[in-house]
């Protein structure tokens, strides 16, 4: 059999259902195999970058491997942003790229590129495979690496001749299963004792608790400790949870900050956060100051970076947290009776036509189970600060790598992985002009996603950030307004343009809610209010002073 | 002064007039300096990838340095394709990227990325600068590297704090000037003797002769040797030159092939070609078989790769070629009187509505001085094979790295560098959906470029290539047709849709020829003829047999 056929059998075996990318001469052999592989749909995108965001979201919401594919040369380099993003997001994504035939390396064949060194620093593993018999074993090795330890992307470059070469049919290895990491028993016991002995404690929940939310809540409730989340973890837990004190960090809440500054808090339990810039309000020292600090993470490199950690617990979040709960329950633990403040309600005056009120008005009319994938822009800070969380795992937010346009591809990947969930992308005009043509991909594959485009005819985050930092903003941060709903209509996409708060009504939403394919809601709105992103600006402004 | 201000003074000093990219927090300091730098226009693009193509074309057609800039993180990775492209095209482009503050490295600041290793293999130099005093010296060093030897891209990563730090005002070094390489006199003499002794010779002109076309023609005419060009060098020399035998290689001409196979040719002079796949019809051995082979190049690594070179001349093309001419003239050289075949006329039946006839019909109505930037797709092979070259340096073709959508950015960069030249981008629907939103960039900056979109509602090159190789083509290579002219109209771009050959008339072209900004001509056409790209398919099909 052809070496590439063995790869296909392996992916089928691993229940991969979609492969995202763009065909080309150097990966034609792979695409040709897809004819005879009805269980895998090739999602041909408009830009490989978007394919990588789809694959990442697919990995995130399927709990399995994401796969994307591109040509040698520009296809491979167009995927690099997606690799760096998946690396930062700890998502297992297999990046497959074509390469020129082995014996033409260095001879300037069409689209020749040595992709493996480019991917080296933004993946967990990056290799070109020069022998056909090694193609499947290397891919299996890469997938294993992607899914174990701290998950992340891997990259295999497949020369044309290697894909096509005949090999003896190999036995297809089964897909790797994740082996959970668990800290030593003594450490669990020590941590449990410390938790039990604490009069007043708090919990910081980071993005790492996705998949361990049930365990985290069980522990929080047992301890009766208030918790705050990072911006990235907003949306995992509905706002009405009585222990929820809101978001800390970028665009976060006063109430969360109050808890961080509460000098009576003796212990902080940090679950699944690397304590980066946006999660900590630029490494605010009060987060752990005078607190005994316990941090649980599957990534041992996050301990003791900027914050001193008294008790690091290196393990998978779900099993480690549930072990703590078990240990507490097995003792004669009774939580200290400390009152937890009630969560402040989101204010909503509904008077002004501004970003905050628009988002509220929309959310009230959308199904409570809606999953929002949030793109990068001014609106992102409003989402984090102002939008209520009405159902579990309902926000996909990326304040870390923050790739413009990623929220568009994420919506498509998320919907394919979890089709029952109504899915809405909140994006901006800048993002739309970068990757918005993927709305055509959604159309071609009948993927019902609502794209809400906040159209302020400028790079709003750049504009406001710059203006706050420098007291002026370059005219070139703005654009001539483009009628995006009209554009969508010209592409055969149902669309509506909103120009006032009153435009947002049940009828409009019913009309635009997608059934068989994508639809688009353009919010034409220049919001000159200062977005709730002051801390980022304070951080940037602190240099050169 | 701020370190970044010194950089700006340096760029001003070097007569840089445009910087292409997208602003963000990590490069705000750079953008803020642009306020006070009226001689440099920031061209804010829709995707950084397109900015890199603009910068590359700007470098090519200005004969100077191209500059592009992007944020740390996704901006930096979005530029990688452009770096790899500029590397392959030997274009001096400075890639500037922001980076997180030095003392936050490794702490997950927003958009943290170590960009320098990613760029290492696709640039001549890639560095992060961690000390403010070193920023200007490092950029000067990088620019020097970019412009000397074999030109190419360089990358400097600038941490936020380094940009903003105050430094003692440095003396601004002047921009590096290229020092021309010239082979040793004995080698020139040896080559001239060999040329003089040759009864029947031929010349292969590659992309390296751009900038040395006058010299190459003077030598060819003195020798009275017929010449062929590579696909990439198509367009440098008008077709009516009596020695021109057409294009050899990808989508090339029978007449060029006949010359290559002429067993009476004793000597081949190869000027400015690395002899890659597309330039040589997949390394056709007849190119140099039984011929004494002289190769001139500024890149010493191209000698003796696949072809044995009898006399390699390592030097800049213009001075080396003119030295050969001088040496020949200084002797008592008289060319052998060998008849050179007349160039075959492009056939044009004008009956069928197909790609070939559409391109002819359009070209007849466009100014003869038009510069065409050719994007990647099925149409590219028709352009190479069928479009006449009516004026010097009139085609920008990229069959090497072949990045889809690059022809769109190239048109904008070329027009900015050489505004007097009418500029037309020939692109396809696939390319348009990847980078077509840059038409808005052209609109915002009032850049008059005509975008001709060959809309076949499929990835035509992939479709035909796959069908020829595998006798079937995946349905997913096609898309539902999109009315691209209508899309353009919705964006406020003048546009016309063509559906028959008769639609292409003087009136339509006059109406659509751009005056103050971009315009778009959609050619709605599914061409089921086999494009003239058989050799590429033969190459791909030769594996796994």
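Residue numbers (the numbering used here), protein chains in the order written: chain L, 1 to 545; chain S, 546 to 1090. We put the CB at the ideal spot given by N, CA and C, even for glycine. Because the structure is a prediction, the values reported are computed rather than measured.
- At a C-beta separation below 8 Å, residue 558/S has no neighbours in chain L, since its nearest C-beta there lies roughly 22 Å away.
- Taking the CA atoms as reference points, residue 969/S sits about 16 Å from residue 1049/S.
- Look at residue 930/S: its C-beta is not under 9 Å from any C-beta on chain L.
- With fewer than 16 other Cβ atoms inside 10 Å of its own Cβ, residue 722/S counts as exposed.
- Legend: CB atoms of the stretch 643-657 of chain S lying less than 9 Å from CB atoms of chain L belong to residues 645, 646, 649, 651, 652, 653, 654, 655, 656 and 657.
- Taking a cut-off of 8 Å on C-beta distances, the stretch 79-86 of chain L touches the stretch 604-623 of chain S, as three or more cross pairs fall below it.
- DSSP lists 918/S and 996/S as the beta-bridge partner residues of residue 970/S.
- Looking at the DSSP output, residue 99/L sits in a beta bridge with 159/L.
- With a cut-off of 8 Å on Cβ pairs, the stretch 639-649 of chain S is not in contact with the stretch 105-115 of chain L, counting fewer than three such pairs.
- Contact between the stretch 554-568 of chain S and the stretch 525-535 of chain L is absent, with fewer than three C-beta pairs closer than 8 Å.
- Residue 1001/S counts as buried, since at least 16 other C-beta atoms from the protein chains shown sit within 10 angstroms of its C-beta.
- Note that the C-beta distance between residue 188/L and residue 323/L is below 9 Å.
- Contact holds between the stretch 895-911 of chain S and the stretch 922-930 of chain S, because three or more Cβ pairs, one in each stretch, are under 8 Å apart.
- DSSP links residue 615/S through a beta bridge to 642/S.
- Per DSSP, the beta bridge partners of residue 522/L are 453/L and 497/L.
- For residue 1028/S, the residues of chain L that pass the 9 Å Cβ criterion are 490, 491 and 492, in the order they occur in the chain.
- Beta-carbon to beta-carbon, residue 914/S and residue 834/S are separated by about 40 Å, too far to satisfy the 8 Å threshold.
- In the DSSP assignment, residue 671/S falls within the unbroken beta strand (DSSP E) covering 670-673.
- Interface criterion not met: the Cβ of residue 1077/S is under 9 Å from no Cβ in chain L.
- By the rule that beta-carbons nearer than 9 Å mark a contact, residue 244/L does not touch chain S.
- For residue 32/L, the nearest beta carbon of chain S is closer than 9 Å to its own beta carbon.
- Shown here for residue 194/L: same chain residues with a beta carbon closer than 7 Å to its own, the five before and five after excluded, namely 267, 292, 294 and 311 in chain order.
- About 4 Å separates the beta carbons of residue 1003/S and residue 1023/S, which is inside the 8 Å limit, making them a contact pair.
- Distance check between residue 556/S and each of 1027/S, 587/S and 1040/S places 587/S closest, using alpha-carbon atoms only.
- Chain order gives no chain S residues near residue 141/L, where near means a beta carbon separation below 8 Å; the closest approach is about 22 Å.
- Taking 9 Å as the threshold, the shortest C-beta distance from residue 1007/S to chain L falls below it.
- Contiguous beta strand (DSSP E) elements confined to the stretch 354-423 of chain L occur at 371-374, taking only those with 3 or more residues.
- In the DSSP assignment, residue 837/S forms a beta bridge with 812/S.
- In the three-state scheme derived from DSSP, where H, G and I count as helix and E and B as strand, residue 175/L is classed as coil.
- Residues of the stretch 989-1022 of chain S whose Cβ lies closer than 7 Å to any Cβ of chain L, in chain order: 989, 1004, 1007, 1010, 1011, 1014, 1015, 1017, 1019, 1021 and 1022.
- The beta carbon of residue 26/L lies closer than 6 Å to those of 71, 72, 98 and 160 in the same chain, with the five residues before and after it left out.
- Taking C-alpha positions only, residue 710/S is separated from residue 635/S by approximately 34 Å.
- For the 9 Å CB-CB criterion, residue 396/L and residue 235/L form a contact.
- Measuring C-alpha to C-alpha distances from residue 815/S to each of 962/S, 764/S and 798/S identifies 764/S as the nearest.
- Of the residues 278/L, 227/L and 173/L, the one whose Cα lies closest to the Cα of residue 258/L is 227/L.
- When the Cα atoms are used, residue 414/L and residue 232/L turn out to be separated by approximately 16 Å.
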